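Notes follow once the structure below has been shown.
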Amino acid sequence: MKTSRTIHSFLLSQQEGQTLLTAQEYPWSVLQVIPTTPADFDRTVTVLKKRGMVAHHDTDRTFCIIHLTSGDHDGQHPERYIPITQNNYMQFIEDLKDVMAQAAVWYESNVIKRLKTH
Numbered sequence: 266m267k268t269s270r271t272i273h274s275f276l277l278s279q280q281e282g283q284t285l286l287t288a289q290e291y292p293w294s295v296l297q298v299i300p301t302t303p304a305d306f307d308r309t310v311t312v313l314k315k316r317g318m319v320a321h322h323d324t325d326r327t328f329c330i331i332h333l334t335s336g337d338h339d340g341q342h343p344e345r346y347i348p349i350t351q352n353n354y355m356q357f358i359e360d361l362k363d364v365m366a367q368a369a370v371w372y373e374s375n376v377i378k379r380l381k382t383h
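Take 266 as the starting number for the sequence shown in my numbering and just add one per residue.
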């Protein structure tokens, strides 16, 4: 993972049986953890990339991360509204890639490793 100018913290939650990571800083993204197996990892990532952005850990092949929403979360947090324009959309995409990459590292370090040691 490349160095980031923002260090993100994440809220881990479960909703309808799915594991969600919510970034506590801009772009306030809600990300979903998609479990997979090392044998099925490449196929899973390929299918998910057809639907949107996907992030994964550099070495762990048991999960990947997809983007669900960012910003005001469908009006739930109006103070987090992010106006996307022709002038800033590429920066937003880069910020989103960054938070997703950090989420993959965070999840592997704070969830996967802890499960393996207990």
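Built from N, CA and C at the ideal position, the CB exists for glycine as well. Predicted model, so just to flag it, every value in this text is computed and none were measured.
Assignment of beta-bridge partners to L286 by DSSP yields L277, L296. Annotation for I331: the continuous beta strand (DSSP E) segment containing it runs 328-334.
Counting other Cβ atoms within 10 Å of its Cβ, Q289 stays below 16 and is therefore classed as exposed. Look at A320 here: in three-state DSSP terms it is strand. CA-to-CA, the gap between P303 and T309 works out to about 10 Å. Pairwise C-beta distances place the region 311-324 in contact with the region 361-374, as three or more of them are shorter than 8 Å.
Rounded to the nearest whole angstrom, the C-alpha separation of A366 and R345 is 21 Å.
By the Cβ-count criterion, G340 is exposed, with fewer than 16 other Cβ atoms from all chains shown falling within 10 Å of its own Cβ.
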